[in-house]
Amino acid sequence: MRFIQKWVFNFRAQTSHGLHSPSVYKLYTEVINPILNQRLPTQNSIEELILGISQFYAKVIDENKVIPLVIPTLSPEVYQQIDEILIPQAKSNSILFIINPYKNTLSQDIWDTLIDDPRVIHSVDLFELGFFRFNKMAQKEHFILKKM
């Protein structure tokens, strides 16, 4: 099943070509793609991505700091906490990272629900890692990105 999910992901995902958001284009070219091309073990690349993405947004956001939160596994209980506590308290400098959103069908369903949530403004899917931003001034967009 995971092979099929990865195949569908790669079919739908894009690289920097066609990215219409200047900030996501810059994030992709300066942080995401270089890390994905390092050939690190998956866990190391996930850690590098979380650190790199957090540092990137710390430079971009006015408050000059970000509030990253990492969710290692999606479950109904975790989703309830995200929905009732985390998202309502999220600020424009909050980033919610989800590790392995395609781990199983339940995780993927929760991931899809979060992407569709109107309170989530930017969602970025890297297959092994996904993240959400909550900048209410931006237009709602979902990006599916793969390495070049």
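Numbering (our numbering), first residue to last: 927 to 1074. The C-beta atom is built at its ideal place from N, Cα and C for all residues, glycine as well. Everything numeric in this text was worked out from a predicted model, so none of it was measured.
Inter-residue distance for residue 976 and residue 1010 is about 24 Å (C-alpha atoms, whole angstroms).
Taking the C-beta atoms as reference points, residue 1057 is found no nearer than 8 Å to residue 935. When the five nearest sequence neighbours on each side are left out, the beta carbons in the same chain lying within less than 6 Å of the beta carbon of residue 953 are those of 982, in order along the chain. If one requires a minimum length of 3 residues, the beta strand (DSSP E) runs lying completely within the segment 948-1024 are 993-997, in chain order. Taking 8 Å as the upper bound for CB-CB distance, residue 1069 and residue 950 are in contact here, some 6 Å apart. Note on residue 1002: under 16 other CB atoms within 10 angstroms of its CB, so exposed under the neighbour-count rule. In its chain, beyond the 5 residues on either side, 1066 have a beta carbon closer than 8 Å to the beta carbon of residue 1044.
Residue nearest to residue 1014 within the set 1024, 1062, 1032 is 1062 (criterion: CA-CA distance). Taking C-beta atoms under 8 Å as the contact rule, residue 997 and residue 1032 fail to qualify, at a distance of about 14 Å.
For residue 1043, no alpha helix (DSSP H) segment is defined, and its DSSP state is neither H nor E.
Going by beta carbons, residue 1055 and residue 1008 fall outside the 8 Å limit.
Residue nearest to residue 940 within the set 1020, 1039, 1050 is 1050 (criterion: CA-CA distance). Under the three-state reduction of DSSP, residue 945 is assigned to coil, being neither helix nor strand. Per DSSP, the continuous beta strand (DSSP E) segment holding residue 1069 begins and ends at 1067-1070.
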